[in-house]
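Going by the working numbering, the sequence shown opens with residue 265, and the numbers climb by one from there. The beta carbon of each residue, even a glycine, is placed where N, CA and C say it ideally should be. Input: a single structure, listed below in structure tokens.
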Amino acid sequence: MDIVLTQFHKVQMEAILGPESEPFETFISNHMESSEETVSEAKSMFNMLKHKDPNSLALKLALGSSYDIYSREKCAVLLKQLLTDEDDLCTWSNLSLSTQFTVKSILLNRMRGEESRFIIQELRDTVSKLAASLLPDNNWPELFPFLYQCLTSTSNNYLKRSAFMLFAQLAADIGETIVPCVKDMHSLFLNTLNDYTLDLDVRIEAMSAVFNFIKCVLSSNEKELFQDLLPGMMRTLTNALSNNEEKAAAHEPLKVFIKLAKNEPRFFRRQLVDVVDVMFEIAESESLDQRARHFAVLFFITLIEAKEKAAGMLKRLPLFISRCFEMLLKLLLDIKDDPAWNSGENVHDFAGILICDRKIGEEGLRRFSLALRGEFTTHIAIEQLYAYLAAPEWEKRHAALIALAQIAEGFSEVMIKNLEQMMNMVLNCFQDPHPRVRWAACWTISQLLIDFSPLVQEQYHNQIFLALAAAMDDFQNPRVQAFATAALCNFCVPDEPETLIPYLDGIVNKLLVLLQNNKQMVQEQALTALSCIAQSVKVMEVLMSLQGLQAKADDPTTKYMLGACTRICKCMGQDFLPYMSAIMPFLIKCAELEPVMTISAKLDYEYYELDDNSIEKIKLGDKTMFKKGNVPEEKVVACDMLCCYTDILQEDFYPWISQVVSIFVPLLEFYIHDPVRRSAVVAMPILLRSAKLAFEKGIAQGESEAYFTKLSDYIILALAEAMHKEHVTEICAIMLGELNYCLQICRPLPTEGQVRSIVNEIKHVITESSSRKQALTEREKPDDFDAEEAELLRGEREQEEEIFDNVGEILITLIKAFKAAFLPFLEELSPYLLPMWAKETTTVERCTSICIFDALVEVCPEAALKYYDVCLPLIFDASNDENPAVRQAAFYGLGLWAAFGRSSFKPFVVEALSRIKVVIMHMNALESENEKAYDNAVSALSKICQFHDESIDLAQVIPVWLNCLPIKADLDEAKDVHEQLCSMVERSDREVLGPNYQYLPKVVSIFAEVLRAGEDLATEGTTKRMINLLRHFQETIPTATWASTWSLLLPQQEMEVESVLSAPKEDVNINPCNETYSLVLWEPNILIGTVWSYWPVQVR
265 MDIVLTQFHK VQMEAILGPE SEPFETFISN HMESSEETVS EAKSMFNMLK HKDPNSLALK
325 LALGSSYDIY SREKCAVLLK QLLTDEDDLC TWSNLSLSTQ FTVKSILLNR MRGEESRFII
385 QELRDTVSKL AASLLPDNNW PELFPFLYQC LTSTSNNYLK RSAFMLFAQL AADIGETIVP
445 CVKDMHSLFL NTLNDYTLDL DVRIEAMSAV FNFIKCVLSS NEKELFQDLL PGMMRTLTNA
505 LSNNEEKAAA HEPLKVFIKL AKNEPRFFRR QLVDVVDVMF EIAESESLDQ RARHFAVLFF
565 ITLIEAKEKA AGMLKRLPLF ISRCFEMLLK LLLDIKDDPA WNSGENVHDF AGILICDRKI
625 GEEGLRRFSL ALRGEFTTHI AIEQLYAYLA APEWEKRHAA LIALAQIAEG FSEVMIKNLE
685 QMMNMVLNCF QDPHPRVRWA ACWTISQLLI DFSPLVQEQY HNQIFLALAA AMDDFQNPRV
745 QAFATAALCN FCVPDEPETL IPYLDGIVNK LLVLLQNNKQ MVQEQALTAL SCIAQSVKVM
805 EVLMSLQGLQ AKADDPTTKY MLGACTRICK CMGQDFLPYM SAIMPFLIKC AELEPVMTIS
865 AKLDYEYYEL DDNSIEKIKL GDKTMFKKGN VPEEKVVACD MLCCYTDILQ EDFYPWISQV
925 VSIFVPLLEF YIHDPVRRSA VVAMPILLRS AKLAFEKGIA QGESEAYFTK LSDYIILALA
985 EAMHKEHVTE ICAIMLGELN YCLQICRPLP TEGQVRSIVN EIKHVITESS SRKQALTERE
1045 KPDDFDAEEA ELLRGEREQE EEIFDNVGEI LITLIKAFKA AFLPFLEELS PYLLPMWAKE
1105 TTTVERCTSI CIFDALVEVC PEAALKYYDV CLPLIFDASN DENPAVRQAA FYGLGLWAAF
1165 GRSSFKPFVV EALSRIKVVI MHMNALESEN EKAYDNAVSA LSKICQFHDE SIDLAQVIPV
1225 WLNCLPIKAD LDEAKDVHEQ LCSMVERSDR EVLGPNYQYL PKVVSIFAEV LRAGEDLATE
1285 GTTKRMINLL RHFQETIPTA TWASTWSLLL PQQEMEVESV LSAPKEDVNI NPCNETYSLV
1345 LWEPNILIGT VWSYWPVQVR
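Written as structure tokens, this is what we have:
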């Protein structure tokens, strides 16, 4: 990175790093100013110092500030940033040895004497990152003695905690280096955990370190060494639980036990009974805090899930499974009889609490059953469920049903044998006096219809229908009605649809009644259920017969009615067309609804409360505005539905295209609502395709082709203009993708003016994307960067990658359409594209840039000649890229440049062969993630053999190529390469068959593998040619030669060849072999070993 320094900068740097303290203190304090400009200047100066004089800066920061605690803290933060920001510790490596030694000494001394916990934490993080790199080469011998001293000779509890944290981190990062310390650390752990006078936090930190040490040792004997630590760990947990000052103190020890249960369950083997008893006490205690109890439950579930790592261990506890199930069942009793339960608008019976006993119980039962799979446990579950179902408390009956639904999937193989018993349990509960129990019965029957489909539908359809029908009539309890209707959806989709027919009239009639219900959740489920039986045209006719719908665009049920119609349309396809004339006027009316909202440049607190959630910040052009109000949900749904109808009906949607385009094009800039704008964008190519199909099939009567040209011009330019103003990255990416689809659909070609507009927008998009990516990098500064932010940034980077990927697709489309005429535009874009080949760019950027120029070579090779000197070196660099997708793109391109470059490629043949050799001879070449790159390297080699045979020694190269065949991952390349092999064999190329038919067995084995794969690895024409070549060999090659070839085939290859040779012959012209060879026995291992080891790459 080149940084240009002005004289002013040099003076500033000398002052900051000089003997006077004030300039340095100012430099540090500037990082903490409220002014963004001051902070930005300070960061810029930090980067200059980092690159121009890292030694002085490191020493200054290590010594820290003497001004105040905040400056000292900032020094510690900047020191960590300076030394550990790069993964390869580049700055540290650039420091002189004397500076490195001094910094290491200062770090340890400051940790020993520092009082600020924050500073110790920053110094600890710095030491940890450096140590992970230095210790494997013994480049920090002072560190371990220092850490031992911290643990044995200091009264600073936080320093002791930091020492244990460092040991724990090092054990996780460089376990092999830490293993020699295990015995010494064991005694430290033992003394710490058994010393009740020590600070509890220190003992808890020691527990965390114990887990990492157990993980880093590999032998069971070494793991056994830690067994005697378990009593001390248990006492630490008990002490933490009794800590009245800090209720959450036990959480960390419990997490350690959970991690041990997951990764090292055998650690508990000797004292399993004691550990399990303590955990049950925690889980069942009513006095402990909720999270501690939940962690104890999670411990049991984790231990059960890890049972395969400690086979037989749990069998030592005969009542363990029963007690676990009982514990989980009790958690489901966390439910209150809320009078407002029926007034909710959500069909599900959730309490609205994020974490509660009931939710932990439900998840625990699901995982419990999936881990045990019903082995010797189903009878335990059934026995306890029956007891709960017979209880007078409705909560227990409710819990039994919920539990049954949760365990059904996991125990399905065993429970299916007791299906009648299980179904009776549930069906009887539909008569329960408590509505919450009846709701649970509906929910459970819905789950059973999924988990045991189609068996339940086939055997119990009558009982289920009667039970659900009765629940649908429960008008006093609309939530029961709603979920009974929801369960009906699973009842109505059996694998054998004829079971539905006897109930169709009754179902539809009930659903029509529920559509008139004044509860929204009931109406919604009724509409959903209607769409699930959409195979019946009667349903659509009934929907159309509803009166007054078109007059109620703002009715709450409208969106569900629209959704139901759309799902029915998906089922009926083109048969839905007769209903469109009735639906479209209403749908258009909904799509044209205007939003009810106010938009202003600033918040007026006289009218808007600060906590008003209806206020949203939006971007209109370059301005940030505030909106209050909403876009009608009917408008959102209608826009989505219009896209759906257009896509399903295709050319039959033509009568409404003009009207819908006039609605959607303005919505491309509907910045007050992203989903509506997204629907408008997605609709553009779908509408264009429908119009094109209508013209091609003669449906667009009375319109000339000029109409379609005008429509495509209008849509493409509207998309390009909207793209320039689009501020949401995700929608911008979608716009680029849909614009590409439009370009592929429209014919004749776009005009030069349209292309100019598109190219300008692509420049704008790339520039804006680069700015956003730079901003993302800035957000990674360590002061406020955490894992949550890292996850957000990952998603945003993926959107930026999608943008560039779609830019590439557009350019490839334009290159294929305009060929050499697009070259001037590509020249303009080259400064934006070629930098994307650099290794520091993303995988998508490198692949896309390569593919753009690959397309140029493929479509207009003469025009691409001017790029050979620029692009081929970049292709060669990309062929060694660590990412297999980039290597695949590079070798695909290399093959194209070799095929179309001819004389221009000749100077690069040696380098090309060298790069190909590295890939195809790599030990991991055929691993799944590398296989496509390998296939493209083999394909590139085949093109060099085909088009540059005069430049290479074919006798040496062809056997290598043959040994790589067949290729099977990249099916397009496989078809091309195997066709080329076929052609070479038909020509009787000596190099392919080898002297005296030496390579014939290999060729036949390749043919056999290709034929076994069917149409995957070769076209129909190529497979026919291969079959006829095999017949030709059988008929013309000496019997002894053919027999020897046959003996070298694998059994499955032999069967394939025998099968095709015994089939009826087809007339195919075959070039006869010009020579008759005597057989020289071919040995595959000798061929592979000899040729691959000594393959030359010199050019003739």
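| task | Can you give me the start and stop residues for the alpha helix (DSSP H) that Cys693 sits inside? | result | Careful: Cys693 lies outside any alpha helix (DSSP H) and carries neither H nor E.
| request: Take Gln271 and list the residues in its own chain whose beta-carbon comes closer than 7 Å to its own, dropping the five residues that flank it on each side. | output: none
| request: Look up Val860 in the DSSP assignment and give the residues it is bridged to. | output: Asn894
| Distance CB(Ile1074)-CB(Asn1004) smaller than 7 Å | Yes.
| request: Enumerate, from N- to C-terminal direction, the unbroken alpha helix (DSSP H) stretches of 4 or more residues contained entirely within the stretch 1048-1093. | output: 1051-1082
| Is Asp769 buried or exposed, if buried means 16 or more other CB atoms sit within 10 Å of its CB? | exposed
| request: Go ahead and label Ile333 buried or exposed: buried means 16 or more other beta carbons lie within 10 angstroms of its beta carbon, across all protein chains shown. | output: exposed
| query | Does the distance from the CB of Ile927 to the CB of Ala855 come in under 7 Å? | reply | yes
| message | In whole angstroms, give me the CA-to-CA distance for Lys594 and Glu626. | response | 11 Å
| query | Is Ala1282 near Val1321, with beta carbons less than 7 Å apart? | reply | no
| query | Would the beta-carbon of Phe428 fall within 7 Å of that of Glu469? | reply | yes
| request: Quick one: residues in its chain with C-beta nearer than 6 Å to the C-beta of Leu984, no 5 flanking neighbours on either side, listed in chain order? | output: Correcting the residue identity first, residue 984 is Ala in this sequence and not Leu. Result list for Ala984: Ser1021, Ile1022 and Glu1025, in chain order.
| field | Continuous alpha helix (DSSP H) assignments of at least 4 residues falling wholly in the stretch 459-532 | value | 464-480, 484-488, 494-505 and 515-527
| field | Limits of the unbroken alpha helix (DSSP H) element including Ile624 | value | Asp621 to Leu636
| message | Taking only three categories from DSSP, how would you classify Thr1309? | response | DSSP places Thr1309 in helix when its eight states are reduced to three.
| What's the call for Thr1340, buried or exposed, on a 16-neighbour Cβ count within 10 Å? | Below a pLDDT of 50, predicted positions are generally treated as unreliable, and Thr1340, at 32, falls in that range; the measurement from the model is reported next regardless. Thr1340 is classed as exposed because its beta carbon has fewer than 16 other beta carbons within 10 Å across all chains shown.
| query | Can you tell me whether Val860 is buried or exposed, with buried defined as 16 or more other CB within 10 angstroms of its CB? | reply | exposed
| said: Going by DSSP in three states, Arg557 sits in which element: helix, strand or coil? | reply: DSSP places Arg557 in helix when its eight states are reduced to three.
| request: Evaluate the contact criterion for the stretch 692-702 versus the stretch 717-724: three or more CB pairs, one atom per stretch, below 8 Å. | output: no
| Where Ala1204 and Ala1176 are concerned, what is the direct C-alpha to C-alpha distance, given to the nearest angstrom? | 9 Å
| said: I'd like to know whether the C-beta atoms of Leu387 and Arg374 end up nearer to each other than 7 Å. | reply: yes
| request: Please work out which residues of its chain come closer than 6 Å, Cβ to Cβ, to Leu957, disregarding the five sequence neighbours upstream and downstream, and give them in chain order. | output: Gln914 and Glu915
| message | Which residue marks the beginning of the alpha helix (DSSP H) containing Thr1041, and which one marks its end? | response | That run of the alpha helix (DSSP H) goes Glu1016 to Glu1042.
| message | Measuring CB atoms only, is the stretch 1288-1307 touching the stretch 1253-1271, in the sense that at least three cross pairs come out at less than 8 Å? | response | yes
| task | Evaluate Asn1335 with the Cβ neighbour count: other Cβ atoms within 10 Å of its Cβ, from every protein chain shown; 16 or more gives buried, anything less gives exposed. | result | For Asn1335, the pLDDT reaches just 39, beneath the cut-off of 50, and the residue's location in the model is therefore unreliable, although a value from the coordinates is still provided. The residue in question, Asn1335, is exposed, as its Cβ has fewer than 16 Cβ neighbours within 10 Å.
| Option nearest Ala395 by Cα separation, candidates Glu548, Met1187, Leu353 and Val275 | Leu353
| said: Rounding to the nearest angstrom, what Cα-Cα distance links Leu430 and Arg1110 in this structure? | reply: 39 Å
| With 16 other CB atoms within 10 Å as the buried threshold, where does Trp1346 fall? | With a pLDDT of only 31 at Trp1346, under the threshold of 50, the placement of this residue in the model should not be trusted; the figure read from the coordinates follows. When all chains shown are included, Trp1346 counts as buried.
| query | Taking three-plus beta-carbon pairs below 8 Å as touching, is the stretch 528-540 in contact with the stretch 548-555? | reply | no
| Own chain, CB closer than 7 Å to Glu456, minus 5 neighbours either side, in chain order | One detail in the question is off: residue 456 reads as Thr in this sequence, not Glu. Within the same chain, Thr456 has close Cβ partners Leu462, Val466, Arg467 and Ala470.
| request: Would you kindly check if the distance between the Cβ of Ile1114 and the Cβ of Gly1157 is under 7 Å? | output: yes
| message | Going by DSSP in three states, His937 sits in which element: helix, strand or coil? | response | In the structure shown, His937 sits in coil (DSSP, three-state: anything other than H, G, I, E or B).
| query | Going along the chain, which residues of its own chain have a beta-carbon closer than 6 Å to the beta-carbon of Gly496, five neighbours each way excluded? | reply | Leu457 and Asn458
| query | Taking Cβ to Cβ, would you say Ala1128 is nearer than 7 Å to Val1121? | reply | yes
| message | Using 8 Å for Cβ pairs, my map puts Ala986 next to Leu932. What's the rounded Cβ distance? | response | 4 Å
| request: May I have a chain-ordered list of the alpha helix (DSSP H) segments no shorter than 4 residues that lie completely inside the stretch 700-781? | output: 719-736, 742-755 and 768-779
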